[in-house]
Every structure is written in C-alpha cells, then in structure tokens.
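Worksheet: one structure, shown below.
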Amino acid sequence: MPKLAANFSMMFGEVDMLERFELAARVGFQGAEIQDPYGQSCAEIASAYRDNGLEAVLFNLLPAVGAVPGRERDFETGCTRALDYAEAAGCAQIHCMAGSTDDPGAEATFVANLRRASAEARPLGVRLLLEPLNTQDNPGCFLTGSAQARRIIDLVGEDNVFLQYDLYHMQIMEGCLAETIKANLDIISHIQVAGVPGRHEPGAMQEINYPFLFDVLDESGYDRWVGCEYRPLGDTLAGLNWARKYGIDAGTGR
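In the working numbering, the protein residues as written are 1183 to 1436.
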C-alpha cells in the first residue's frame, strides 16, 4: 500500500499554510511535502510538523536554477536555506530543481552544483533529488526524462543524489511508467502522483491506472513516500475519496 504524503503547496488551499498540517493529520496523512516552505520561518514549519505528528517528507530548493550557468551563487544560497529548513524540520529530502535553459554548459553546471550541494547535505543525512519535468507545463526546462536524470546522477557520483519520479510528468514525456519504475528502482527515492490530463486527483477520471502502478510499487518492494502533488478539482477533502483505500479518510476532516 502506498505511503501517501500530502502536498501543502497544492492541497488544503482552503486554509492558511500552518492550518494545513492539522487538517492533513486529521484525515490520516502521516507525512507532507512542501514545494516552498519559505513563507514561514524555520521554527514555524518545524513546530507545525512536530505538533501534528507529521513527517517532513520533501522541500524544494529555490530558486530553480541548478543547471543554469551563471546562477551558481543563487543555487548555493538556496541550498543553504533549504538545508536550514530541512535540519529544523527533520526533512531528509531536498528537490534540487534544474530550471530552464538551453545553454550547452547546463549539464556540467548542474553536475558541479550537485556535487557541492551533496557535500553540504551529507552531514545532515539529507538526500538531494532530481525531478524530470514535462515540457508542456514547463517549456524550456532542462531536465525532461528519467534516462537524462540517471546520466546526471551517475556523473555526480555521490551516494546521496537520487531520482524524484513524478508519474504525472513522466506519463506526458515517456509513458511506460511501470517498466521505467522497475528499471530505476535503485535510484528512485521519491514518487509523486497526479492525474493526466489536468494534474488533478489521481482517481478514475484520468488516463493513468494508479491502482495498477501502486501494485507494481508494492511488488517491487518500494517503501518510500508517494507525494500527492496534484491540484484538487474542488474542495481538497471532497476529492480524497480515491485515497480511502490507502488509509486516508476525508470524512474525519470535517
């Protein structure tokens, strides 16, 4: 059964950020990810996780310039900030966003940035994650596929750099999700879900067969988090019926 993490950047937008923790915990989530936690202080974010018994699953490193030549200092500053938040909240994963660029030096820039960030993250026990994105929603993005991500991970050559595999993005870019998951289990540290098209709930009214893919994950021995990085079509709680079989009971949130 997938271990579902709420995504507070997309879900529970009916209430303020710091109120989302209690609401998510009430309906059964045990962990949560945040793309941009930086609108609140380290202490506020850490307290919200701790007070509601939630695990901090993932933060993004911002700005999204990891592969952009000339923005190395911005990446370094963002890395330090992200790791400060990760240390305070006990978050063990940081998404290092590649950003948008067609510069021929992008790959070398990304590799160098990740090597430096890896050294900074290692004493904290933090993993750095690379996420390929789709070019429909993110025109010009540098990192767009699992094979490219594996190549960069291999070039970095550090044991705390992994793949963040978003099934929404990769259905659009690659398809063959089950086989790609199996082929990359050795480097996948985090999975995210959303429906295609629209990036809404991963229920029946979209093209990805999530029950099948969750079975694939179980059979493959994947036991890490699955982030619910989707935009609810309406009220967050009303849209959680798909997750009832996975331990989320939206009826307890009202």
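Yeah, the Cβ is synthetic: ideal placement off N, Cα and C, and Gly gets one too. Remember, it's a predicted structure, so these values are computed and weren't measured experimentally.
Check: The stretch 1332–1344 contacting the stretch 1375–1393, beta-carbon criterion three pairs below 8 angstroms; Outcome: no
Check: Any 3 or more C-beta pairs closer than 8 angstroms across the stretch 1265–1285 and the stretch 1207–1227; Outcome: yes
Check: At least 3 beta-carbon pairs within less than 8 angstroms: the stretch 1350–1365 vs the stretch 1391–1402; Outcome: yes
Check: Of the listed residues T1291, Q1222, L1186 and M1192, nearest to V1209 (C-alpha basis); Outcome: L1186
Check: D1348, DSSP secondary structure in three states; Outcome: strand
Check: C1430 - DSSP class collapsed to helix/strand/coil; Outcome: Note that residue 1430 is Ile in the sequence shown here, rather than Cys. DSSP places I1430 in coil when its eight states are reduced to three.
Check: In DSSP terms, what C1358 is bridged to; Outcome: DSSP, once it has assigned bridges, lists no residue as partnering C1358.
Check: Proximity to F1241 [Cα-Cα], best of G1248, F1190, E1254 and R1406; Outcome: F1190
Check: Within 8 angstroms, strictly: CB atoms of I1276 and A1303; Outcome: yes
Check: Nearest-angstrom beta carbon gap, P1314 and H1351 [assumed within contact, 8 angstroms]; Outcome: 6 angstroms
Check: Whole runs of the alpha helix (DSSP H) within the stretch 1223–1248, excluding any shorter than 4 residues; Outcome: 1224–1233
Check: Range covered by the beta strand (DSSP E) that runs through A1187; Outcome: K1185 to N1189
Check: Between the CA atoms of Q1353 and E1204 - distance to the nearest angstrom; Outcome: 32 angstroms
Check: Residue burial classification, V1197 (beta-carbon count within 10 angstroms, cutoff 16); Outcome: exposed
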